[in-house]
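Participant: Just dropping this structure here.
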Amino acid sequence: MPEALVEGKERLYLTWFYRNLAYNPSAITQVDINEYVSHYSAPGGMRAGV
Numbered sequence: 177m178p179e180a181l182v183e184g185k186e187r188l189y190l191t192w193f194y195r196n197l198a199y200n201p202s203a204i205t206q207v208d209i210n211e212y213v214s215h216y217s218a219p220g221g222m223r224a225g226v
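Residue numbers (our numbering): 177 to 226.
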């Protein structure tokens, strides 16, 4: 179910997650987030993350 809620919104979800919940948000750059988005957007990619 969580995957269905995030599907198509991976960039929004991951950006919010890393900017608001990371211990040190400045340690994760937009380039890093883009890399995560590219993998989590792949079919089945979000399954392990949730």
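For glycine and all other residues, C-beta sits at the position ideal for the given N, C-alpha and C.
1) With distances taken between CB atoms, is the gap from TYR212 to TYR194 smaller than 9 Å?
2) Quick check on DSSP: helix, strand or coil for TYR199?
3) Considering SER217, what are the terminal residues of the alpha helix (DSSP H) in which it resides?
4) Assign ILE209 to one of three DSSP states: helix, strand, or coil.
5) I'd like to check one pair, GLU186 with GLY221: are the Cβ atoms closer than 9 Å?
Facilitator: The relevant details are as follows:
1) Yes, Cβ-Cβ distance for TYR212 and TYR194 is below 9 Å.
2) If DSSP states are grouped into helix, strand and coil, TYR199 belongs with coil.
3) Per DSSP, SER217 lies in no alpha helix (DSSP H) and is assigned neither H nor E.
4) In this structure, ILE209 counts as helix in the three-state DSSP scheme.
5) Contact: yes.
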